[in-house]
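*Asks:*
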Amino acid sequence: MIIVLRPDATQAQIDHIIDKVQKLGLKPMVSTGTERTIIGVIGPEDILRVTPLEVFPGIEKVMPVLAPYKLVSREFKREDSVIDLGRGLKIGDKRIIVMAGPCAIENYETVLAIAKEVKQAGATVLRGGAFKPRTSPYSFQGLGEEGLKILKQVGDDLGLATVSEVMDTRDVGLVEKYVDILQIGARNMQNFNLLKEVGLTKKPVVLKRGLSSTVKELLMSAEYILAAGNFNVILCERGIRTFEDSTRNTLDISAVPVIKQLSHLPVIVDPSHAAGKWGLVTALARAGIAAGCDGLIVEVHNHPEDAASDGAQSLLPANFASMFQDLKKIAQAMDRGI
Ligand code: PEP
Ligand code: MN
């Protein structure tokens, strides 16, 4: 249920409504928009039949939300959400945000060298995993806190925002301390305790679509984070498992406009994990922007042959720079900046 407040509703009226909703045993989630404030009401709504809220001063209308994902839905919020990423960056408005860097943080020198190149090319967010979800327990698992320190150091040195994956509820506080943006990986999209935990932080969260998850399941997972109080969620299409085996995953390009229709949250595309091969990354990145995404997350490595993980899908810095020139043209055609 959504309570739409009148544009002239006073703070006292809003507080009164919130108090009433809470006393009814329901959970009010306030979203302050540019024009008006709306309150999402979570919980058994039947109770409102006997207590019609419409009569409260300051309320314009009370509407049911039909979608199972409430706070995430366009019904709840009509205009696009613009999320503050820190360091003066925003995602969800006209400017497309490009996040780039190695799959895994390996050492300071390598991250610094890659970061300098991606920044020079136009990226504004540095990616790098310190906790790596690997299929094999014998593969490189990431540097942990040491890696996060390196990422933060390089981000601070070059003035880049940072994004890194958190895999465990016990590490949320730690990762949050070092990065600007938390990442929930595809394998953890339905780790509901982890979703609730990042929902308790105020940090932006990149939520990657699960390997075999539907868009609806992705939106339901995002709902966990919003329902816990964190509205700063960025959805990521990174390819899904299909019968097609010429790519690592199948980039579901339709997911971009579908999510845009169903939700107000920003959407980014990860062409690297979709392709699995560096030679396909540029085409998929171009397609993502043409489909209307708000950003990209791309793997780049200066020595892909020696990369600790995902070398085959990592672009060389020079290829990343030339891709960026292509992306500028597509962004312009879409009436967006990059
Ligand atoms: C990654 O970003 O390096 C990663 C592991 O991605 P995903 O969770 O999409 O597989
Ligand atoms: Mn990777």
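So the sequence shown is numbered by the numbering used here: it starts at 85 and just counts up by one.
Built from N, CA and C at the ideal position, the CB exists for glycine as well.
(1) Short check: CB of Ala-311 to CB of Gly-294, under 7 angstroms?
(2) Quick one: grab the DSSP three-state call for Val-289.
(3) So, using beta-carbon positions, are Gly-124 and Lys-154 closer together than 7 angstroms?
(4) Helix, strand or coil: which one does DSSP assign to Pro-26?
(5) For Asn-386, which residues in the same chain have their Cβ closer than 8 angstroms to its Cβ, ignoring the five residues on either side in sequence?
(6) Could you tell me whether any non-hydrogen atom of the ligand MN is closer than 6 angstroms to the CB of Cys-320?
(7) Starting from the N-terminal side, write out each stretch of the beta strand (DSSP E) that is 3 residues or longer and does not extend beyond the region 131 to 177.
(8) Under 7 angstroms between the Cβ atoms of Lys-178 and Arg-332?
(9) Between Asp-240 and the ligand MN, is there a pair consisting of the residue's CB and a ligand heavy atom that are separated by less than 6 angstroms?
(10) Excluding the five sequence neighbours on either side, which residues of its own chain have a C-beta within less than 7 angstroms of the C-beta of Phe-276, listed in chain order?
(11) Just to confirm the assignment: which complete alpha helix (DSSP H) runs, minimum length 4, are found wholly within the region 185 to 237?
(12) So, helix, strand or coil for Gly-239, using DSSP?
(13) Tell me the rounded alpha-carbon separation between Arg-218 and Val-299.
(14) Would you say Val-88 and Glu-144 are within 7 angstroms of each other, going by their C-beta atoms?
(15) Exposed or buried, Thr-118, counting other C-beta atoms within 10 Å across all chains shown (16 or more means buried)?
(16) Is Ala-270 a contact residue of the ligand PEP, with contact defined as CB to any heavy atom under 6 angstroms?
*Replies:* So, to answer that:
(1) no
(2) strand
(3) A contact, by the Cβ cut-off of 7 angstroms.
(4) Nothing can be reported for residue 26: it is not among the residues displayed for the chain, which extend from 85 to 422.
(5) Thr-194, Ala-197, Ile-198, Glu-201, Leu-400 and Pro-401
(6) no
(7) 143 to 147, 167 to 170 and 173 to 175
(8) no
(9) Because no heavy atom of the ligand MN lies under 6 angstroms away, the Cβ of Asp-240 does not count as near it: no.
(10) The residues Tyr-308, in chain order, have a CB closer than 7 angstroms to that of Phe-276 in the same chain once the five nearest residues on each side in sequence are set aside.
(11) 192 to 205
(12) helix
(13) 24 angstroms
(14) In contact: Val-88 and Glu-144 (Cβ atoms closer than 7 angstroms).
(15) Its Cβ having fewer than 16 others within 10 Å, Thr-118 is exposed.
(16) yes
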